[in-house]
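Undergrad: A single structure is presented below for examination.
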Amino acid sequence: MECEEGNHEKEEKESSSHSSPQEHKSFAEFAKDKLDSAGRELRRRLPMAGQIGAHLMHPRRLLLHSTPTQQTDVVLIFPKGLPDSMLLWLLQKLRGSRPRLRVCVRQHASSQCSAFYITADDDVLLQTAEEVHLPKLLKPEFGGGYKEFTVRDMHCFKKGTTASELLNSQERGALVKHVLESARAEPGDEHALEPALTLRPGQSIVPACVSRGVIASMFPLHDRVALEGLRQKWVKSLFSPQPLDEISDYFGVKIAMYFAWLGHYTQSLTVPAVVGFIFWIWLGTANDSWKDIAYVLFSLFNVLWACVYLETWKRYSNVLAYRWGTLDQRDELLAEPRPLFQGEMGISAVTGRPEPQYAAWRRRVWRHCVSLPVMLLCLSFGAAATFASLRAQDWWEKTLVYFSWIPRALLAIIIAVEEEVYARIARWLNDKENYRLETKYENHLIVKIALFQFVNSFMSLFYIAFYLQDMDKLKEQLAVLLITRQIIGNLKESVLPYLIENLRLAKICVDVFGAISPSKIPTSTQITEMFEKRTCSSGDPPEAMVNGAAEKERRDSEPVVGQKVIHQAELESQLFKYEGTFAEYLEMLTQLGHVVLFSA
Numbered sequence: 001m002e003c004e005e006g007n008h009e010k011e012e013k014e015s016s017s018h019s020s021p022q023e024h025k026s027f028a029e030f031a032k033d034k035l036d037s038a039g040r041e042l043r044r045r046l047p048m049a050g051q052i053g054a055h056l057m058h059p060r061r062l063l064l065h066s067t068p069t070q071q072t073d074v075v076l077i078f079p080k081g082l083p084d085s086m087l088l089w090l091l092q093k094l095r096g097s098r099p100r101l102r103v104c105v106r107q108h109a110s111s112q113c114s115a116f117y118i119t120a121d122d123d124v125l126l127q128t129a130e131e132v133h134l135p136k137l138l139k140p141e142f143g144g145g146y147k148e149f150t151v152r153d154m155h156c157f158k159k160g161t162t163a164s165e166l167l168n169s170q171e172r173g174a175l176v177k178h179v180l181e182s183a184r185a186e187p188g189d190e191h192a193l194e195p196a197l198t199l200r201p202g203q204s205i206v207p208a209c210v211s212r213g214v215i216a217s218m219f220p221l222h223d224r225v226a227l228e229g230l231r232q233k234w235v236k237s238l239f240s241p242q243p244l245d246e247i248s249d250y251f252g253v254k255i256a257m258y259f260a261w262l263g264h265y266t267q268s269l270t271v272p273a274v275v276g277f278i279f280w281i282w283l284g285t286a287n288d289s290w291k292d293i294a295y296v297l298f299s300l301f302n303v304l305w306a307c308v309y310l311e312t313w314k315r316y317s318n319v320l321a322y323r324w325g326t327l328d329q330r331d332e333l334l335a336e337p338r339p340l341f342q343g344e345m346g347i348s349a350v351t352g353r354p355e356p357q358y359a360a361w362r363r364r365v366w367r368h369c370v371s372l373p374v375m376l377l378c379l380s381f382g383a384a385a386t387f388a389s390l391r392a393q394d395w396w397e398k399t400l401v402y403f404s405w406i407p408r409a410l411l412a413i414i415i416a417v418e419e420e421v422y423a424r425i426a427r428w429l430n431d432k433e434n435y436r437l438e439t440k441y442e443n444h445l446i447v448k449i450a451l452f453q454f455v456n457s458f459m460s461l462f463y464i465a466f467y468l469q470d471m472d473k474l475k476e477q478l479a480v481l482l483i484t485r486q487i488i489g490n491l492k493e494s495v496l497p498y499l500i501e502n503l504r505l506a507k508i509c510v511d512v513f514g515a516i517s518p519s520k521i522p523t524s525t526q527i528t529e530m531f532e533k534r535t536c537s538s539g540d541p542p543e544a545m546v547n548g549a550a551e552k553e554r555r556d557s558e559p560v561v562g563q564k565v566i567h568q569a570e571l572e573s574q575l576f577k578y579e580g581t582f583a584e585y586l587e588m589l590t591q592l593g594h595v596v597l598f599s600a
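Residue numbers (UniProt numbering): 1 to 600.
This is the structure we're talking about:
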């Protein structure tokens with residue numbers, strides 16, 4: 001090393017002594033050469049430096065180099081250290097389910113967690129589609145429109161005659177999830193997962209395991225081709241209409257309906273924005289009497305706009321529901337119970353199928369004796385916190401002239417924290433009420449959370465507007481609440497998930513690719529070819545699949561010697577979990593209340 005450094009110094013001295021002013025490089029070129037030379041020397045002395053730095057700066061490039069997980073619809077990730085006996089029992093239960101699932105067991109390299117990669121044969125998917133009454137589009141010669149799928153009339157439906165042609169990735173994942181949730185505990189299974197979970201006969205196994213942490217996460221895998229198509233048509237296209245049909249096919253009707261509503265709502269807000277801007281210009285030059293008239297006129301306009309907006313959305317949503325086959329729903333008595341519905345197993349008097357039975361009077365007793373008093377207590381606590389904050393604002397304004405926005409911002413933060421805590425309480429109360437149908441469960445949860453959020457968000461504004469009657473203070477309070485809620489919402493929904501995902505992916509970079517140069521990472525095609533021999537079938541011996549040491553030995557003995565790879569499922573398990581559109585709707589509901597009630 002010393003000889004090499006001496007030679008470098010000698011060469012630099014000779015070059016500097018024989019160079020002329022015309023041969024001198026510019027400062028930028030000279031600095032670039034020095035930086036390149038230093039980088040080469042650093043990589044030569046520290047082989048891991050280039051690898052770690054590249055991946056910590058660009059962790060999401062891993063998604064491009066991960067091997068696509070073939071023939072997998074749903075993935076179950078288990079926490080690290082889960083006993084092999086639990087994994088073996090779950091594996092036998094899922095493989096022995098009716099209809100039959102295909103389960104492959106793998107050990108993730110970075111987290112050392114076990115995972116079940118689950119799919120189903122075409123005949124199972126088609127049978128399940130008929131069982132759940134999946135609506136599919138008919139061919140024009142058979143009348144068009146949507147009809148509940150049946151295997152007997154499979155030739156009448158569009159897109160083909162096989163499961164791969166008839167079902168998209170979202171439908172396949174939903175059907176496999178339905179089969180997973182149909183696996184229920186039998187007599188004698190009560191102690192199979194203890195001490196983590198005690199099962200009851202008839203209880204749905206997989207949802208119970210997810211709720212108690214026996215299963216860390218359950219998710220479908222992304223279809224990269226479809227996702228890239230949506231990225232080009234939707235994310236990167238600013239002025240073209242949203243591809244709602246493609247969104248519905250990939251993410252499902254609930255997500256597509258939310259974005260359809262969001263687009264309709266955003267377009268509708270342009271009307272009060274333009275009218276409000278005209279009123280604002282007019283009020284700048286009007287006298288007090290005309291200002292009073294303008295306030296009344298604009299308030300009446302807001303009421304009229306809200307009524308027209310709701311009616312136009314009803315019409316538009318019905319059009320979309322008809323287009324996506326969800327306008328007509330099955331009768332509640334014929335619908336499947338939700339997976340977490342609990343009760344003693346019995347035979348349904350309507351469908352004739354076995355399902356949990358739960359007395360309605362028990363639900364009513366819990367709702368009136370526990371849920372209602374807890375809700376009133378939470379509302380009282382929220383009101384007390386709001387009034388205490390308003391008192392603190394008065395004290396602050398009297399004693400401290402500057403930074404009067406601070407107590408108002410603190411109130412907005414308190415409101416956000418209260419909503420988060422109360423949402424957890426409301427979900428716990430709703431779970432205890434034990435509703436049979438998912439729609440009933442969601443409707444009662446909406447009532448609980450929306451009522452608290454409305455009171456918590458608007459109580460201070462109503463108090464200032466109608467009791468104190470201080471319009472200047474009302475404007476300041478409204479502005480601070482809006483701005484603070486927007487900041488908190490963006491931090492919680494965008495910044496925090498982005499940071500968490502990048503930290504998780506960066507950790508995977510160091511764990512899996514730490515000693516490999518970035519230029520040596522195989523592409524997805526190369527990795528897929530390497531892993532053609534790694535496919536698992538449902539006939540594999542479960543003991544060998546579950547045992548961690550045997551799995552590691554099998555993995556190390558495969559032909560990918562010295563080359564570390566990572567699966568698509570392993571990466572997607574690190575992504576931030578999306579809880580659904582419920583919180584998004586509540587946020588927009590609060591914003592709509594601010595616009596309609598207080599924009600005047």
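Backbone N, C-alpha and C fix where the C-beta goes; we use that ideal spot for every residue, glycine too.
Among L589, L167 and A569, which has the Cα closest to the Cα of Y117?
TA: The option with the nearest alpha carbon to Y117 is A569.
Undergrad: Just verifying my parser: in three-state terms, what is the DSSP assignment at A54?
TA: For A54, the pLDDT reaches just 38, beneath the cut-off of 50, and the residue's location in the model is therefore unreliable, leaving the point undetermined.
Undergrad: So, N168 versus D245, is the Cβ gap smaller than 8 Å?
TA: The answer is no: Cβ separation not under 8 Å.
Undergrad: According to DSSP, simplified to helix, strand and coil, what is N456?
TA: Residue state, collapsed to three classes: helix.
Undergrad: Look at the alpha carbon of K136 and the alpha carbon of S317, and state the distance between them as a whole number of angstroms.
TA: Between K136 and S317, the C-alpha separation is close to 19 Å.
Undergrad: Would M471 be called buried (16 or more neighbouring beta carbons within 10 Å of its own) or exposed?
TA: Answer is exposed; the Cβ neighbour count stays below 16.
Undergrad: Mind checking which residues open and close the alpha helix (DSSP H) that includes K254?
TA: First-last of the alpha helix (DSSP H) with K254: V253 to S268.
Undergrad: At the level of alpha carbons, what is the spacing between F259 and S494?
TA: Each residue's Cα considered, the two are about 17 Å apart.
Undergrad: Consider the Cβ of K254: report whether some Cβ of chain C lies at a distance smaller than 8 Å.
TA: This model lacks chain C altogether, as it is built from one protein chain only.
Undergrad: Please work out which residues of its chain come closer than 8 Å, Cβ to Cβ, to G252, disregarding the five sequence neighbours upstream and downstream, and give them in chain order.
TA: Once the five neighbours on either side are set aside, the close Cβ partners of G252 are Q170 and A174.
Undergrad: Distance, Cα to Cα, E584 vs G188?
TA: Answer to the nearest angstrom: the Cα atoms are 43 Å apart.
Undergrad: Compare the Cα-Cα distances from G221 to each of T72, T312 and I413 and report the closest residue.
TA: Contrary to the premise, residue 221 reads as Leu rather than Gly in this sequence. Nearest of T72, T312 and I413 to L221, Cα basis: T72.
Undergrad: In three-state DSSP terms, what is E543?
TA: With a pLDDT of 44 at E543, under the threshold of 50, the predicted position of this residue should be treated as unreliable, though the coordinate-derived value follows. In this structure, E543 counts as helix in the three-state DSSP scheme.
Undergrad: Between A163 and D122, which are expected to be in contact by the criterion C-beta below 8 Å, what is the C-beta distance as a whole number of angstroms?
TA: Contact holds; Cβ gap of about 4 Å.
Undergrad: Between L199, H178, L193 and K177, which has its C-alpha nearest A185's C-alpha?
TA: Residue L199 is the option with its Cα nearest to A185.
Undergrad: Buried or exposed for R212, going by 16 or more other Cβ atoms inside 10 Å?
TA: Per the 10 Å Cβ criterion, exposed.
Undergrad: In the structure shown, what three-state DSSP assignment does Q342 receive?
TA: In this structure, Q342 counts as coil in the three-state DSSP scheme.
Undergrad: Tell me the DSSP secondary structure of E426 in three-state form.
TA: Position check: residue 426 holds Ala in this sequence, whereas Glu was assumed. In the structure shown, A426 sits in a helix (DSSP, three-state: H, G or I).
Undergrad: Which value, in whole angstroms, describes the spacing of the CA atoms of G343 and S299?
TA: Distance between the alpha carbons of G343 and S299 is about 51 Å.
Undergrad: Please classify I281 as buried or exposed, where buried requires at least 16 other C-beta atoms within 10 Å of its C-beta.
TA: Flag for I281 reads exposed.
Undergrad: So for C113, helix, strand or coil by DSSP?
TA: C113 falls in the coil class under three-state DSSP.
Undergrad: Considering only the alpha carbon of each residue, which of S380, D431, L410 and R330 lies closest to T351?
TA: When only C-alpha atoms are compared, the closest one is R330.
Undergrad: Identify every run of the alpha helix (DSSP H) within the region 319-400, keeping only runs that are complete inside it and at least 4 residues long; order them along the chain.
TA: If we require 4 residues or more, the alpha helix (DSSP H) runs fully inside the region 319-400 come out as 360-366 and 372-399.
Undergrad: Taking the beta strand (DSSP E) that F219 falls in, what are its first and last residues?
TA: From DSSP, the beta strand (DSSP E) with F219 extends over S217 to P220.
Undergrad: Checking 8 Å against the spacing of the C-beta atoms, do E420 and R363 come in under that value?
TA: Going by C-beta atoms, E420 is not nearer than 8 Å to R363.
Undergrad: Taking the runs of the alpha helix (DSSP H) that are 4 residues or longer, which of them lie wholly in the region 147-192?
TA: Counting whole runs of 4 or more residues, the region 147-192 contains the alpha helix (DSSP H) stretches 163-166 and 169-182.
Undergrad: Under the three-state reduction of DSSP, which class applies to Q574: helix, strand or coil?
TA: Here Q574 sits in coil by DSSP.
Undergrad: Return the CA-CA distance between A321 and I255, expressed in angstroms with no decimal places.
TA: Distance between the alpha carbons of A321 and I255: 13 Å.
Undergrad: If you follow the alpha helix (DSSP H) that V225 is part of, which residue opens it and which one closes it?
TA: That run of the alpha helix (DSSP H) goes R224 to L230.
Undergrad: Return the chain-ordered list of same chain residues with a C-beta closer than 7 Å to the C-beta of M345, the five sequence neighbours on each side being excluded.
TA: Closer than 7 Å at Cβ, skipping near neighbours: P201, G202, P354 and P356.
Undergrad: Using CA atoms only, rank isn't needed, just tell me which of R504, D288 and M86 is closest to A196.
TA: Taking only the C-alpha atoms, the option nearest A196 is M86.
Undergrad: Counting Cβ pairs closer than 8 Å, one from the region 446-455 and one from the region 571-589, do we hit at least three?
TA: Output reads yes: the region 571-589 touches the region 446-455.
Undergrad: Given a threshold of 16 other Cβ atoms within 10 Å of its Cβ, counted over all protein chains shown, does C369 qualify as buried or as exposed?
TA: Exposed, because fewer than 16 other Cβ atoms sit within 10 Å of the Cβ of C369.
Undergrad: Could you give the residue range of the alpha helix (DSSP H) that holds V210?
TA: Residues I205 to R212.
Undergrad: Just confirm the distance between the C-beta atoms of E130 and F149, as a whole number of angstroms; I'd bet it's less than 8 Å.
TA: That pair is a contact at about 6 Å.
Undergrad: So, K80 versus C113, is the Cβ gap smaller than 8 Å?
TA: Yes, the pair counts as a contact, with Cβ atoms nearer than the cut-off.
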